[in-house]
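In this note's numbering, the protein residues as written are 1 to 170.
Everything below concerns the one structure shown next.
Okay, structure coming up:
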């Protein structure tokens, strides 16, 4: 009876973890879609900028600073997007590892009791702790990447605000 209760608890916990993993994946997919749209916008803006630059005579020195400022802004947006994409890729890798662990747990739980692994010994517990520590490090690295992306966005916003201040008074 106690074995059945344990098995039900494990199955319920596994189902809850699977549900959370699927939710995280859905959120990650949405963030990736948003990033893809942002990339398409940046690419279109770069294309339009290049087209305008090619259409202007190279002797018109009045337009050069405007083109340079616009190109610098596009470059900052692209850098911001690249950093965001790196964070999305890292988060996806973490979700893939989590899904693999859930799949492995599901396989073990589906085995007959006689074939399930023995209770963990000290080495297995240590190994599990090391894996959890590595996962925590990956989450911390992802948080760092997201923080760097936020800093770049803030710097870009500050630069845009500073650049648009004098231009609006002309």
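C-beta atoms are modelled at their ideal positions from N, C-alpha and C, and glycine is treated no differently.
- Shown here for residue 140: not one same chain residue has a beta carbon closer than 7 Å to its own, the five before and five after excluded.
- Setting aside the 5 residues that flank it on each side, residue 69 is surrounded in the same chain by 163, each with a C-beta closer than 8 Å to its C-beta; the list follows chain order.
- Taking 8 Å as the upper bound for CB-CB distance, residue 95 and residue 21 are in contact here, some 7 Å apart.
- Proximity of the region 61-75 to the region 99-106 falls short of the contact definition, fewer than three beta-carbon pairs being nearer than 8 Å.
- In this structure, residue 91 places its C-beta atom within 7 Å of the C-beta atom of residue 28.
- Contact between the region 129-139 and the region 43-58 is absent: fewer than three C-beta pairs spanning the two stretches fall below 8 Å.
- Three or more beta-carbon pairs separated by less than 8 Å link the region 133-149 to the region 69-88, which places the two stretches in contact.
- Contact between residue 76 and residue 159 holds, with the beta-carbon distance rounding to 7 Å and staying under 8 Å.
- For the pair residue 32 and residue 88, the CB atoms are nearer than the 7 Å cut-off.
- Rounded to the nearest angstrom, the Cβ distance from residue 14 to residue 105 is 6 Å, consistent with a contact under 8 Å.
- Considering only 110, 60 and 78, the residue with the shortest C-alpha distance to residue 4 is 110.
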